[in-house]
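*Asks:* Convert by adding 108 to the 1-based position in the sequence shown; the result is the number in my numbering. For each residue, glycine too, the CB sits at the ideal point set by N, CA and C. Nothing here was measured: the structure is a model prediction, and the numbers come from that model.
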Amino acid sequence: MRRSKKKQRAPLFLFFLCLFLGIFVYLQANADRAGPTTIETAAVKPAKVPALPAAQAFQMPPIEDFGETLDRPLFSKIRRPPPPEPDAPAEEPKKKQTVKVRLAGVVISPKERVALVQGPRGREITRLREGQEIEGWVLESILADRIVLRFGEVREEVKIEGEVRRAPGKRKKKARPKRRRPRSRTRDADSPSPRQ
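1. Count the other C-beta atoms from every protein chain shown that fall within 10 angstroms of the C-beta of Ile233, then say buried if there are 16 or more, exposed otherwise.
2. From the DSSP output, in three-state form, read off Phe259 for me.
3. Quickly, what does DSSP pair Lys267 with across the bridge? List them, please.
4. Grab the span of the alpha helix (DSSP H) containing Gly175 for me, first residue to last.
5. Using the beta-carbon count (16 or more within 10 Å), is Ala159 buried or exposed?
6. Using the three-state DSSP reduction, which class does Ile171 fall into: helix, strand or coil?
7. Report yes or no: do three or more beta-carbon pairs, one from the region 222-238 and one from the region 177-196, lie closer than 8 Å?
8. From Arg180 to Pro161, what distance separates their C-alpha atoms?
9. Which residues in the same chain as Ala223 place their Cβ atom closer than 6 Å to its Cβ, once the five residues preceding and following it in sequence are excluded?
10. For Gly239, which of helix, strand or coil comes out of DSSP?
11. When you compare the CB positions of Asp221 and Glu269, do they come within less than 9 Å of one another, or not?
12. Taking the alpha-carbon positions, what's the Val157 to Ile131 distance?
13. So which of Glu264, Ala151, Pro154 has the shortest CA-CA distance to Thr206?
14. For Ala223, which beta-bridge partners are listed by DSSP?
15. Classify Leu257 as buried or exposed, calling it buried when 16 or more other Cβ atoms lie within 10 Å of its own Cβ.
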């Protein structure tokens with residue numbers, strides 16, 4: 109029995125809600141037609157506002173002040189920056205960096221390339237691969253007889269001191285000339301001779 113009462117209440121509630129909203133909308137729509145309502149307020153004395161100074165007439169600056177604008181128009185393709193100030197101190201040239209390492213050897217295999225580099229501080233030999241760094245220099249490439257190091261924009265080659273020795277391996281055999289077999293001098297009786 110309870111369920112049936114609840115089922116009956118829901119549509120009834122929705123009906124009254126719609127009725128209330130309809131009346132509210134009707135009153136709001138007709139309130140604008142009725143005209144403005146006046147509200148009586150107590151008489152309040154207006155506050156005294158200090159008088160503003162008289163506005164001065166605007167005057168454009170002389171045309172000579174716009175010489176820079178005429179020389180370098182703001183949205184023009186030919187606009188260029190102002191000339192550099194001559195009073196600016198010139199930058200001192202940077203001290204050229206020199207590489208202070210010695211190339212002891214290079215190992216090149218199908219799998220990797222390694223440079224054996226001796227640093228400036230002693231006899232310690234460091235193994236470097238391409239992209240690694242020593243003393244601020246980046247190893248850029250490893251060749252058979254030298255390496256290329258880069259420090260910022262400066263590139264420098266370091267060659268192996270002394271003779272470059274190749275690793276022993278399979279040597280290419282010299283191709284022997286093929287022996288030509290002599291042609292047989294006998295001819296068939298049926299074949300014509302070339303001179304005929």
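*Replies:* In short, the structure shows the following:
1. Exposed, by the Cβ-count rule.
2. Annotated three-state conformation of Phe259 is strand, per DSSP.
3. Arg254.
4. Its alpha helix (DSSP H) spans residues 175-179.
5. For Ala159, the number of other beta carbons within 10 angstroms of its own is below 16, and it is reported as exposed.
6. Annotated three-state conformation of Ile171 is helix, per DSSP.
7. With fewer than three CB-CB distances shorter than 8 Å, the region 222-238 does not count as touching the region 177-196.
8. The straight-line gap from Cα to Cα measures roughly 38 Å.
9. Answer for Ala223: Val214, Leu236, Ile250, Ile255, listed in chain order.
10. Here DSSP, grouped into helix, strand and coil, assigns Gly239 to coil.
11. Looking at the sequence provided, one finds Arg at residue 221 rather than Asp. Arg221 is not a Cβ neighbour of Glu269, given a cutoff of 9 Å.
12. Val157 and Ile131: Cα-Cα distance of roughly 47 Å.
13. Here the closest residue by C-alpha is Glu264.
14. In the DSSP output, where bridge partners are listed per residue, Ala223 has Val214, Leu236.
15. Looking at its Cβ environment, which holds 16 or more other Cβ atoms inside 10 Å, Leu257 is buried.
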